[in-house]
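Trainee: Using this note's numbering, you'd call the opening residue of the sequence shown number 1442 and step up by one each time.
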Amino acid sequence: MKINRIALLLTGSMAWMWCAQAETADSLRNEKIQSIDEVVVTGSREVADLRRLPVSVSVIGRERLAESYRPSLLPTLTEWVPGLFITGRGVMGYGVSTGSAGSMTMRGVGSSPTTGMLVLIDGHPQYMGLMGHPIADAYRSNLADKVEVVRGPASMIYGSNAMGGVVNIVTRKMHEDAVKTDLQAGYGSYNTLQTELTNRIRAGRFTSVVAGSYDRSDGHRKDMDFEQYGGSARLGYEFSEAWNLAANVQLTHFNAQNPGTVSAPLFDNISHITRGVASAILSNHYGKGSGSLSFFYNWGRHKINDGYSAGQQPLDYRFNSRDRMLGVSWFQNYAFFHGNRITFGFDYQHFGGKAWNRYLNGDPNRVTADKSMDEVAGYVDFRQNLTAWFTLDAGVRIDHHSHAGTEWVPQAGVSFQLPTDAQIKLSASKGFRFPTIREMYMFPPQNPDLRPERLWNYEISFAQRLFGGRLSYGANIFFIDGENLIQTVRVDGRPKNVNTGRIENAGLELQVAWRISPVWSVDVNYSYLHMEYPVLAAPRNKLFVGADFTKGRWSASTGVQYVKGLYISLSPVTEEESFVLWNLSGRVRATRWLSVYVRGENLLAQRYEINAGFPMPKATFIGGVELNF
């Protein structure tokens, strides 16, 4: 039945596309369609031509994020980035407690929680100082101008946690002198409310972007309420054409309930989480070089009631934690001669915090962790265009951790620029991850002797653009071999973290983007993953077909996602899930300043799970208005 549905949907989509092509063939003769953006910063920490980077990078632009009408940007990334999968369990919100969601894997690398994927905001690492993982609820769509995703290890540039890949959120900016304000409000299924307000200013050399948001939902199950408050501000000043200064602050607070699995429900499992980010960056851009010096500080406050099961008594304590992470990052690149670029970089990070159980009867708090760690690293990356069609890239990083020792991280790649706007890339890159405070010290039996996780990624890719960039396609083949992965084993009846895990993954990724006309476009991506050792939240097959329509005041976007062979449980038994999701959104601009939108998700009303025991909602709808002035 599922296969028939897939065939029907895909056949309908192709027919739709071919009809659209026939209707707009004449306009193609007179209209010039912009090619896909080729300039990225992630992967090299400089503005670079994507075609000459040794790594694979996917770029999701502002328009794509805006038309999704989702408060979180992560569901959009799941659809549009091959090899990336992010778990969910409800209409809104992820949380951080047992049975939560927001776990990320790239090509089967990510771990649980997500310590093998690095999330950046404007190049600054974002994760808990104690736990070492990102906080999924903090990454909102209104924050981003675009998102760049490195598919594969980026540890040579970004160090630990970039073992599987990198998600870099490039924050919004104002590009012309003006004052613009955007207000969006939506309401839909399960009493779900989404609101956000953004103000952008540019006056000469000064820029600012200020945003605030409030979201809530009852959830599709009892005891699944979610509520979130958020705000951010970015200020920038251009001292000259070469030098500029930017400061950024972001604050998020959310309250999330976890109902537990259907077969083993939980009561009063409630999390109160506050996350903050602050950074400042001084950048220079000259003809032969560019660089930056940046400072950042992340902090968090967690108050969690882990709840209790039916027939049990409520817990007599609450879990509390404060964590922090601060760092300094510097890099400078320079072109000594034509076609050359060499980058030197330095990173320092200090992270840690305190976790404790606060007893309700007044007993003294029981501290479970009170640690801090330091990490210092230096790297050099060399890129040279040996000919007009051949580019060599090689680099090495040395990274020292105060508790886990020193790690050398090499990376090398070549790219060949072929006729007819095509390129072939070959690369070999090492990824690694230092153990976190949680893994080493938080829960007994402790293991302070944990070693870094390591893997090698070998990759070959081909990409080509045709018809002036209107049609582009690409393919990647990769092999991942890893060791020393941290796993939990039973020692005297208690869980202990040890370096006994292995990973051996191989896979294929395909992408096609076709700008059929100024009105129609279609995008397809597919990823296949073979896992010698099964990994949670890593589907064997993931296919997405999306189409966009824009004409005059009207716009619409639809997408079908097919997931097969998703491991949702490995213990006590292995469980797999497969499903098809169909989403549709539309917008009409009623006036110059007012738009009305509607969005539907899982329109086939599929019954499926991403986390074992947590059924996902069937069809959901949300509608609202946008004000732009």
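Backbone N, C-alpha and C define an ideal beta-carbon position, used for all residues, glycine too.
1. DSSP three-state call for P1706: helix, strand or coil?
2. Step through the CB atoms of chain D and report whether any lies within less than 8 Å of the CB of G1627.
3. In this structure, how does DSSP classify F1777 when only helix, strand and coil are distinguished?
4. Among E2016, N1925 and A2031, whose alpha-carbon lies nearest the alpha-carbon of K2005?
5. In three-state terms, what does DSSP make of I1598?
6. Can you tell me the Cα-Cα spacing of G1910 and V1808, whole angstroms?
7. What separation, rounded to the nearest whole angstrom, lies between the Cα atoms of V1930 and R1879?
8. Terminal residues of the continuous beta strand (DSSP E) containing E1487?
9. Does the pairing of the stretch 1848-1867 with the stretch 1491-1504 give three or more beta-carbon distances under 8 Å?
10. Give me the Cα-Cα distance between G2054 and V1703, rounded to the nearest whole angstrom.
11. So what does DSSP say about N1685, is it helix, strand or coil?
12. Does the Cβ-Cβ distance between I1642 and A1687 come in under 8 Å?
13. With 16 other CB atoms within 10 Å as the buried threshold, where does G1557 fall?
14. Note the first and the last residue of the continuous alpha helix (DSSP H) segment covering A1507.
15. Is the CB-CB distance between L1977 and L2011 below 8 Å?
16. DSSP beta-bridge partners for P2056?
17. Could you give the first and the last residue of the continuous beta strand (DSSP E) run that contains E1848?
18. Leaving out five residues on either side along the sequence, give the residues of the same chain with a beta carbon under 6 Å from the beta carbon of P1755.
19. L1970 and G1549 - do their beta-carbons sit closer together than 8 Å?
20. Does the beta-carbon distance from D1788 to G1768 come in below 8 Å?
21. Give the single residue among F1736, N1802 and G1728 whose Cα lies nearest to the Cα of N1781.
22. Can you find the residues in the same chain that come closer than 6 Å, C-beta to C-beta, to D1815, ignoring five residues on each side of it along the sequence?
23. Counting pairs of Cβ atoms below 8 Å between the stretch 1819-1838 and the stretch 1565-1584, do you hit three or more?
24. Buried or exposed: P1860, going by 16 or more other Cβ atoms within 10 Å of its Cβ?
25. Going by alpha carbons, who is nearest to F1884 out of N1917, Q1928 and N1938?
26. Tell me whether the beta-carbon of Y2038 lies closer than 8 Å to the beta-carbon of Y1535.
27. As a quick exercise: from S1996, V1986, K1992 and R1981, pick the residue whose alpha carbon is nearest that of E2018.
28. Nearest to N1898 by CA position, among G1677, F1990, G1605 and E1848, is which residue?
29. Please list, in chain order, all residues of the same chain as S1733 whose beta carbon is under 6 Å from its beta carbon, the five residues on each side excluded.
30. Where does G1909 sit, in a helix, a strand or coil, going by DSSP?
31. Name the two residues that bound the continuous alpha helix (DSSP H) containing P1936.
32. Taking all protein chains shown into account, do 16 or more other C-beta atoms lie within 10 angstroms of the C-beta of D1933, making it buried, or fewer, making it exposed?
33. Classify R1879 as helix, strand or coil using the three-state DSSP reduction.
34. For N1802, which of F1778, D1757, W1830 and D1840 has the nearest alpha-carbon?
35. Of all the options L2045, A1674 and F1772, which has the alpha carbon lying nearest to the alpha carbon of G1786?
36. Which residue's Cα is closest to the Cα of G1570: Y1738, F1680, Y1800 and G2027?
Mentor: By the coordinates alone:
1. strand
2. The chain inventory of the structure shown lacks chain D, comprising one protein chain alone.
3. coil
4. The candidate whose alpha carbon is nearest that of K2005 is E2016.
5. helix
6. 58 Å
7. 15 Å
8. From DSSP, E1487 is part of no beta strand (DSSP E); its letter is neither H nor E.
9. yes
10. 6 Å
11. strand
12. no
13. Of the other Cβ atoms in all chains shown, 16 or more fall within 10 Å of the Cβ of G1557; this residue is therefore buried.
14. R1503 to S1509
15. yes
16. Answer is E2050.
17. Its beta strand (DSSP E) spans residues G1846 to L1859.
18. Y1749
19. yes
20. yes
21. Out of F1736, N1802 and G1728, G1728 has the C-alpha closest to the C-alpha of N1781.
22. H1791 and S1843
23. no
24. exposed
25. N1938
26. For the pair Y2038 and Y1535, the CB atoms are not nearer than the 8 Å cut-off.
27. Checked all of S1996, V1986, K1992 and R1981; the closest Cα to E2018 is R1981.
28. G1605
29. Same-chain partners within the cutoff: I1722 and S1724.
30. helix
31. First-last for P1936: R1935 to W1955, but that is the beta strand (DSSP E), not the alpha helix (DSSP H).
32. exposed
33. helix
34. D1757
35. Residue nearest to G1786 within the set L2045, A1674 and F1772 is F1772 (criterion: CA-CA distance).
36. Nearest option by C-alpha distance: Y1738.
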